[in-house]
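Asks: Here it is, the structure in full.
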Amino acid sequence: MFDRKTIVYIFYIIIFNQQYNLISNECPPDLIIEPCSCVLTIPSHTYLLYNDFNPETIYIEKKSIVCEHIYNSSFDLQKIFFNLNLYLNNNETNFDNFLLYNTSIKYIPENIFYNITFKSLMFQDNYFLTTINEYAFYYLKDYVEIFETLNTNLSDSNIIFSILRQFQNLRHISMHNDRLITIPDYAFNHTNLTNIWFGLENRRTIQPIQSIGQYAFYNLPNLKFLRIFSPNLTKINKYSFAQRNRLSSDIILYIYIGSPMLNSTSFPLTSLSRFRNRIIYLRLYYTNLIYLDENIFQPFLEINPLSIIDIHSSNINFKCDCQSAWIQYDYLQNINELENRVYGYKCWSYDFSNCTLNK
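First residue of the sequence shown? That's 588 in the numbering used here, and the numbers climb one at a time after it.
This is how it looks when you write it as structure tokens:
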């Protein structure tokens, strides 16, 4: 049993913790940050960005700053955070999310938030947002875990990826309907980054990427999901998907690539053979592929016996001709395609007896 003194001590500790949590979750007065607001739930229009429709994961208390539906030319975002910083006076300056939604802002300047920090930065439906200063979020470099954009005018890939590389604890990137046309060489260097989305075909969003640089995803040891959907991507470079590290675990890396400009000659030799020992689930959708080149895709399947190719049904030009016969010859286990390693291949029962195989 506890003595009376110990019980009183525990009581005060509990009260203190409750008061501390109340203060840390408390929003500043609206007057300080008008026309923005402080909220404790994620607004519903961010569902698309989070790609999560489960209310239990969306409606959780998070102290967030939201600036939305603002078209006043005198709106000064930096001044708002200057005032907020003065009000907080370096006390409880850590917030969870910042959402800039449906505004006429064109430019985000250096050190926009002063000493205010956020774990998540979200920019949605800011159609005039063209430029973000390279050091706009530098003070947040140890805090930001999520970076998301949707429907902006951002186009300077060098600056955007320089900003992304600053974030030491980045876990999730989701960028859609912007104007980025390149993913540069060595684009990422993040130990914790697991999800990268540039366009989602099922939500009709794109990123107009034309080229992916060499070793773009090389330094991402924990990457689990890479999704690129672009109407302008014509070729995968030889070292674009190269991975630096071998893994001791069996974590699958899902790569979804979609572009109507990709064809059967868009993949150079070894472009899909530099994943070290990783298990890869490669989905190709909305492409102009008519066959899978044996010299490219057969080595991909052989590097790891658990890797899978998914020829999505949206690849409507894919043909059952001799150039695809090797898939049936080497990988037919059962007419039930889910037991084979090339999903969506429609030629499992096709007669290739007149074809000469490269054996």
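Even glycine gets a Cβ: it sits at the ideal position worked out from N, Cα and C. Quick caveat: nothing in here was measured; it's all calculated off a predicted structure.
(1) Rounded to a whole number of angstroms, what is the C-alpha to C-alpha distance between Ile-760 and Ser-846?
(2) Look up Glu-830 in the DSSP assignment and say whether it is helix, strand or coil.
(3) So for Asp-663, helix, strand or coil by DSSP?
(4) In this structure, how does DSSP classify Arg-752 when only helix, strand and coil are distinguished?
(5) Does the structure place the segment 658-670 close enough to the segment 721-729 that three or more beta carbon pairs sit under 8 Å?
(6) Around the Cβ of Gln-920, are there at least 16 other Cβ atoms within 10 angstroms (buried) or fewer (exposed)?
(7) Assuming contact is defined by CB atoms lying nearer than 8 Å, are Leu-856 and Ile-896 in contact in what I supplied?
(8) In or out: Asp-765 buried (at least 16 other Cβ within 10 Å) or exposed?
(9) Just checking my contact of Ile-733 with Ser-749 at CB under 8 Å: how many whole Å lie between their CB atoms?
(10) Would you kindly check if the distance between the Cβ of Cys-625 and the Cβ of Lys-649 is under 8 Å?
(11) Keeping to the same chain, check which residues put their C-beta closer than 8 Å to that of Thr-781; ignore five residues upstream and five downstream.
(12) Considering only the beta carbon of each residue, do Asn-819 and Ile-796 sit closer than 8 Å?
(13) Can you say whether Leu-893 is buried or exposed, counting buried as having 16 or more other CB atoms within 10 angstroms of its CB?
(14) Give the range of the alpha helix (DSSP H) segment to which Asp-917 is assigned.
(15) Go to Leu-708, then tell me how far its beta strand (DSSP E) extends in each direction, as first and last residue.
(16) What is the DSSP secondary structure of Ile-890, reduced to helix, strand or coil?
Replies: According to the structure data:
(1) When the Cα atoms are used, Ile-760 and Ser-846 turn out to be separated by approximately 20 Å.
(2) It should be noted that the sequence gives Gln, not Glu, for residue 830. Looking at Gln-830 - three-state DSSP - the assignment turns out to be coil, as it is neither helix nor strand.
(3) Correct three-state label for Asp-663: coil.
(4) Arg-752 carries a helical assignment under DSSP once its states are collapsed to helix, strand and coil.
(5) Judged by Cβ distances under 8 Å, the segment 721-729 makes no contact with the segment 658-670, as fewer than three pairs qualify.
(6) Its Cβ having fewer than 16 others within 10 Å, Gln-920 is exposed.
(7) For Leu-856 and Ile-896, no; Cβs fall outside 8 Å.
(8) By the neighbour-count rule (16 or more Cβ atoms within 10 Å), Asp-765 is buried.
(9) Contact check for Ile-733 and Ser-749: beta-carbon distance about 18 Å, past the 8 Å limit, so the pair fails to qualify.
(10) For the 8 Å CB-CB criterion, Lys-649 and Cys-625 do not form a contact.
(11) For Thr-781, where only same-chain residues beyond five positions count, the Cβ hits under 8 Å are Arg-758, His-759, Asn-809, Leu-810, Lys-811 and Phe-812.
(12) Ile-796 is positioned such that its CB atom lies closer than 8 Å to that of Asn-819.
(13) Burial check for Leu-893: the Cβ neighbour count within 10 Å stays below 16, so the residue is exposed.
(14) Here the alpha helix (DSSP H) through Asp-917 covers 912-918.
(15) For Leu-708, the enclosing beta strand (DSSP E) begins and ends at 707-713.
(16) In this structure, Ile-890 counts as helix in the three-state DSSP scheme.
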